[in-house]
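*Asks:* With numbering that gives the first Met the number 0, letter number 99 in the sequence shown gets 98, and the count goes up by one each step, no holes.
Yeah, the Cβ is synthetic: ideal placement off N, Cα and C, and Gly gets one too.
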Amino acid sequence: MMSRRTATISTLAGLAIGGAVAIPATATVSSDGGGSTPAAHQIDLEHLNDSGASGTAMLSVQGTRLTVKIEAQGLVPNAPHAQHLHGSTEGRDFHCPTPDDDKDGDGIVSTPEGVPSYGNVQIALTTDGDTTPDSALAVDRMPTADAEGKLSYERTLEVSQDVADHIKDLHIVQHGIDVNGDGAYDAGAGPSPLNEELPLEATAPAACGLVQGAAIGTMPEGGVETGGGTENGPASALAADGLVAAGGAGLVAAGGALLVAWCRAPRRDH
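#1: To which residues of the same chain is Thr202 closer than 6 Å at the C-beta, ignoring the five residues directly before and after it?
#2: Decide if Asn119 is buried, meaning its Cβ has at least 16 other Cβ atoms within 10 Å, or exposed.
#3: Please report the residue range of the alpha helix (DSSP H) in which Ser116 lies.
#4: Quick one: any contact between the segment 169 to 189 and the segment 154 to 161, if contact means 3 or more CB pairs under 8 Å?
#5: Glu200 by DSSP, collapsed to three states: which one?
#6: Helix, strand or coil, according to DSSP, for Leu58 in the structure here?
#7: Which one of Ser53, Lys68, Pro98, Ser50 has the shortest CA to CA distance from His40?
#8: Whose C-beta lies closer than 7 Å to the C-beta of Ala123 among residues of the same chain, with five residues either side of it excluded?
#9: Among Ser151, Phe93, Ala38, which residue has its Cα nearest to the Cα of Cys207?
#10: Checking the sheet assignment: what are the DSSP bridge partners for Ser53?
#11: Could you name the residues of the same chain whose beta carbon sits closer than 7 Å to that of Thr125, not counting the 5 residues immediately before and after it, in chain order?
#12: Can you tell me which of the three DSSP states Ser134 falls into?
#13: For Ser53 versus Ala71, is the C-beta spacing smaller than 8 Å?
#14: Throw me the rounded Cβ distance for the Ile107 and Leu197 pair, which I believe falls under 8 Å.
#15: Check for me: the alpha helix (DSSP H) holding Val162 runs from which residue to which?
#16: Sort Val210, Ala56, Lys149, Leu74 by Cα distance to Ile166 and report the nearest one.
#17: Whole angstroms are fine: how far does the CA of Gly51 sit from the CA of Thr97?
#18: From what residue to what residue does the beta strand (DSSP E) around Leu150 run?
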C-alpha cells in the first residue's frame, strides 16, 4: 500500500497580474510514495503589437497530466482569442517575437512573421474537445474575453511524454488585436496572411510569455473548468513560413469560417 501525503505550499503574497489583478498564492499539491509532486511553472504574458494585453499563466505538470490556468486582461473585449502552447519538444530554443520581426514594415508582427521566433503550435488551448494543432483556429472553442477585455481560463488535459518532458521549452501566445481601437476585429489593418477571409486583427499575436525557470507552487484561481482533453503529439500546425502544414488545412476552412461568421455577427453586450 502506497502512503499518500498532502503538502500545502503558501507564499507571502499573491501574484499580481499586470500590476492590477491579484491572485491568491496558496495551492495544495499531493504526491504518493512512488509518484511525483506536480511541478508548477509561471509564465508572465506581455503585450505584442502594442495590444496592451498582459497576464499571468501557470503550467502544472504531473506525469503526462497538464493543468493550464491563465488570467489575462487588456484583450479585445467580447471577442474570442486563439491561444496556444508554442515551441519545441526537441530542445530547440524559441522566444517571443520583437518589433524587429515585422519583416514587411507594416507595424504589425503577423503570425507568419512571429512563427520563426516562437515556433509551431504544440497544444491548442481550447476550452473543450481536441487540443492538437489541428484545433489551432477552432475559434468556437477558444476562450472569449469579457466586456472589460479580461479572460480567465483553466483546463487539465493529457499530453504526450515529449510535451511533459519539455514543458520549460514551451510558451504561451494569445492572438487577437485591435489596431484602430474600435473594440472589434475588422479589416482596417488588412486581411490575415493565414486566410484572406479573416481580418489580420483576429489572428495577429497579442501577448506572449516564456516559462520561467524555477518551479513554484501557486496557481491562478478561477477560470473555466473544462476537463478532458486528448493526447498531443509534437506535430506542427503552422510551418515557419506561415503556411498551414499538412493536416492543418481543414482548420483554416472550418475555424476560419467560424471566425468570419463571428466577425460579421452583430455585437452583443455581455
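*Replies:* Checking against the coordinates, here is how it stands:
#1: Only Thr110, His174, Ser191, Leu193 meet the Cβ criterion.
#2: Its Cβ being crowded by 16 or more others within 10 Å, Asn119 is buried.
#3: Looking at the DSSP string, the run of the alpha helix (DSSP H) that includes Ser116 is 110 to 117.
#4: These segments do not touch.
#5: Helix, per DSSP.
#6: Strand, per DSSP.
#7: Of Ser53, Lys68, Pro98, Ser50, the residue nearest in Cα terms is Lys68.
#8: For Ala123, where only same-chain residues beyond five positions count, the Cβ hits under 7 Å are His83, Thr130, Thr131, Pro132, Ser134, Ala135, Ala137.
#9: Out of Ser151, Phe93, Ala38, the CA that lies nearest to the CA of Cys207 is found in Phe93.
#10: Bridge partners of Ser53: Gln72.
#11: By the criterion of a C-beta distance shorter than 7 Å, Thr125 is surrounded in its chain by Ser134, Ala137, Arg140, Met141, once the five residues flanking it on both sides are discounted.
#12: Helix.
#13: Yes, the Cβ-Cβ distance between Ser53 and Ala71 is below 8 Å.
#14: The distance from the Cβ of Ile107 to that of Leu197 is about 14 Å, inconsistent with a contact at the 8 Å cut-off.
#15: Segment 160 to 164, the alpha helix (DSSP H) holding Val162.
#16: Checking every option, the nearest Cα to that of Ile166 belongs to Val210.
#17: Each residue's alpha carbon lies about 15 Å from the other.
#18: Leu150 -> beta strand (DSSP E) spans 150 to 157.
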